[in-house]
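S.K.: Take this structure first; my questions come after.
The structure is reproduced here in structure tokens:
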């Protein structure tokens, strides 16, 4: 099964699915499977895990419906399974108040683990926007990301894109500060 045949989205709806996708190791396994199917051995090599650990995490993802076996073949009497993502993208439920955002935690962990001498484009801006401008910017960022996802080629090196557009919690005025 090529990634072109995958459904566009998989909506995480159960606690089991949320627990499965919330683990950084499983997040990295899903990144390996993003563009092409892989065996447990291939996944273990790419993520830097022992085969047993890789197998354990893939089984949890499979049980949660996030990955699936897309092809098998016999190799020296053993059935080798190739796993792929269940969909091109995973949609998580909205983060509840006080809960950490799983995607941003994983993105920061991946950024911190990336080669320090590699090319990066990281920035943060503080803006003041109307509700309409906020909605328009969010839609434009998402459209741009989807446009570039369509250009993705499995033969090219991986690139991760994470963006967050949000209204921060209101700041409290420090004692003694004046407006």
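In this note's numbering, the protein residues as written are 3 to 181. Ideal Cβ positions, reconstructed from N, Cα and C, are used throughout, including at glycine.
Please name the residue, chosen from 32, 84, 52, 27, that lies closest to residue 12 on a Cα-to-Cα basis.
M.R.: Among 32, 84, 52, 27, the Cα nearest to that of residue 12 belongs to 32.
S.K.: Excluding five sequence neighbours on each side, which residues of the same chain lie with their C-beta closer than 7 Å to the C-beta of residue 4?
M.R.: Reliability fails at residue 4, whose pLDDT of 47 lies under 50, so the model's placement of it is uncertain and the value that follows must be treated cautiously. Once the five neighbours on either side are set aside, residue 4 has no close Cβ partner at all.
S.K.: Which same chain residues end up closer than 8 Å to residue 168 when comparing Cβ atoms and leaving out the 5 residues on each side of it in sequence?
M.R.: Once the five neighbours on either side are set aside, residue 168 has no close Cβ partner at all.
S.K.: So within the region 29–113, which uninterrupted alpha helix (DSSP H) runs reach at least 4 residues, ignoring any that extend past its ends?
M.R.: Correct list: 42–49, 53–65.
S.K.: Roughly how many whole angstroms lie between the Cα atoms of residue 139 and residue 151?
M.R.: Each residue's alpha carbon lies about 18 Å from the other.
S.K.: Could you check how far apart the C-beta atoms of residue 71 and residue 85 are, in whole angstroms? I think they sit under 8 Å.
M.R.: Contact holds; Cβ gap of about 6 Å.
S.K.: Would you check if the distance between the CB atom of residue 63 and the CB atom of residue 28 is smaller than 8 Å?
M.R.: Yes, these two residues count as a Cβ contact at 8 Å.
S.K.: Measuring CA to CA, which of 160, 113, 42, 134 is closest to residue 125?
M.R.: The shortest C-alpha separation from residue 125 is found at 113.
S.K.: So, using beta-carbon positions, are residue 49 and residue 104 closer together than 8 Å?
M.R.: Contact flag unset, no.
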